[in-house]
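Down below is the structure, laid out as structure tokens.
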Amino acid sequence: MTQFSELSAVGRETAALVLFSGGQDSTTCLGWALERFGRVETVGINYGQRHQAELECRARVREKIGAVKPEWAERLGDDHMLALPVLGEIADCALTDSRRIEFESSGLPNTFVPGRNLLFFTLAAAIAYRRGARVLVGGMCETDFSGYPDCRDNTLKSLQVSLSLGLDAPMVIETPLMRLTKAETWELARRIGGDAFVQLVRDETHTCYMGDHSHFHTWGFGCGKCPACELRERGWNEWKEHARFE
Ligand code: ZN
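According to this note's numbering, the sequence shown is numbered sequentially starting from 36.
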């Protein structure tokens, strides 16, 4: 396991805005932010993605996450939902139409929405600016199977500079999962909020690309066959070999 960043009480005076989809990664990031910032708001973006089930998980996670720790309930602030159907129009991809998920010659899956995170962070920064939040939190990860270029650390560091200059206000992009494997993401959830948080992430989040939220497995809901489900299952099994969680 890699070293996790310090989870001590820092940034209590700071407000943060979490890019929150209702999936495993962004829910873990929400817990991470609630552990360290005094006020934490969430933003969700609906761009007509196939996995609507993920968006429906958002409300349930937000409703239940305060039960993990009482201070989390106090720190959890407003939720912001943005409709961005235009992204579905400009992205030729499998998340928004009914084609099969395949890997293209570029090595990227056709679920890739070009530059999606650049748009998301820019929109989030505009909301954060209005809300007095100076930290943006996202679940991007370089160790992900997909290799999305807009998830890379250098891309987001560059964007952090651009946003700070463009808003004329320091804006920090935090990506606590950037160097973690999926197994380590489960372990991070356990360290942040114990077994109660792991259970919340497992039972209430959605990752499946096919939008299947009817089949429950030991690692949570999903079709069990798509790349996102396979990744989640593999990470869970790898983590379970080392964890005490039942
Ligand atoms: Zn699936």
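Beta carbons: idealized from backbone N, C-alpha and C, even for Gly.
Source: prediction; values computed, not measured.
### Query
T240 to F55, Cα distance in whole Å?
In the sequence shown, counting from the first residue as 1, residue 240 sits at position 205. In the sequence shown, counting from the first residue as 1, residue 55 sits at position 20. Those two C-alpha atoms are separated by around 11 Å.
### Where A129 falls: helix, strand or coil (DSSP)
Against the sequence shown, residue 129 aligns to sequence position 94. Reliability fails at A129, whose pLDDT of 48 lies under 50, so the model's placement of it is uncertain and the value that follows must be treated cautiously. DSSP, read as helix, strand or coil, puts A129 in coil.
### Message
Please state the DSSP three-state secondary structure of A102.
### Response
Indexing the sequence shown from 1 puts residue 102 at position 67. It is coil, neither helix nor strand.
### Query
For the ligand ZN, is there a heavy atom less than 8 Å away from the beta-carbon of T62?
As a first step, residue 62 is located in the sequence shown; it is residue number 27 there, counting from the start. No, the Cβ of T62 stays beyond 8 Å of every heavy atom of the ligand ZN.
### Task
Using 8 Å as the cut-off, classify the Cβ of Y183 as near or not near the heavy atoms of the ligand ZN, replying yes or no.
Residue 183 sits at position 148 when you count from the first residue of the sequence shown. Because no heavy atom of the ligand ZN lies under 8 Å away, the Cβ of Y183 does not count as near it: no.
### Message
Within 8 Å, do at least three Cβ pairs link the region 197–216 to the region 165–177?
### Response
In short, these stretches touch, since the Cβ pair count reaches three.
### Task
Could you tell me if M116 is buried or exposed, where buried requires 16 or more neighbouring beta carbons within 10 angstroms of its beta carbon?
Looking up residue 116 in the sequence shown gives position 81. With fewer than 16 Cβ atoms within 10 Å of its Cβ, M116 is classed as exposed.
#### Entry: Rounded C-alpha distance that separates L119 from K192
Taking the first residue of the sequence shown as 1, we reach residue 119 at position 84. Taking the first residue of the sequence shown as 1, we reach residue 192 at position 157. C-alpha separation (whole angstroms): 24 Å.
#### Entry: Of the listed residues E70, R71, G57, nearest to G79 (C-alpha basis)
In the sequence shown, residue 79 corresponds to position 44, counting from 1. It is G57 whose Cα lies nearest to the Cα of G79.
### Query
What three-state label does DSSP hand D185 in the structure shown?
The residue you call residue 185 lines up with position 150 of the sequence shown. Reduced to three states, the DSSP call for D185 is helix.
### Message
So the candidates are G246, F256, V148, S249; which of them puts its Cα closest to the Cα of V236?
### Response
As a first step, residue 236 must be located in the sequence shown, where it is residue number 201. Among G246, F256, V148, S249, the Cα nearest to that of V236 is on F256.
#### Entry: For T37, the three-state DSSP class (helix, strand or coil)
Sequence index remark: in the sequence shown, residue 37 carries index 2 (1-based). Confidence at T37 is low in this model, with a pLDDT of 38, below 50, so the placement of that residue should be treated as unreliable; the coordinate-derived value is given next. Correct three-state label for T37: coil.
### Of the residues G229, V121, R74, the one placed nearest A163, counting alpha carbons only
Counting from one through the sequence shown, the residue named residue 163 turns up at place 128. The candidate whose alpha carbon is nearest that of A163 is R74.
### Query
M245: beta carbon under 8 Å from a heavy atom of the ligand ZN?
Translated into positions along the sequence shown, residue 245 becomes position 210. At least one heavy atom of the ligand ZN sits closer than 8 Å to the Cβ of M245.
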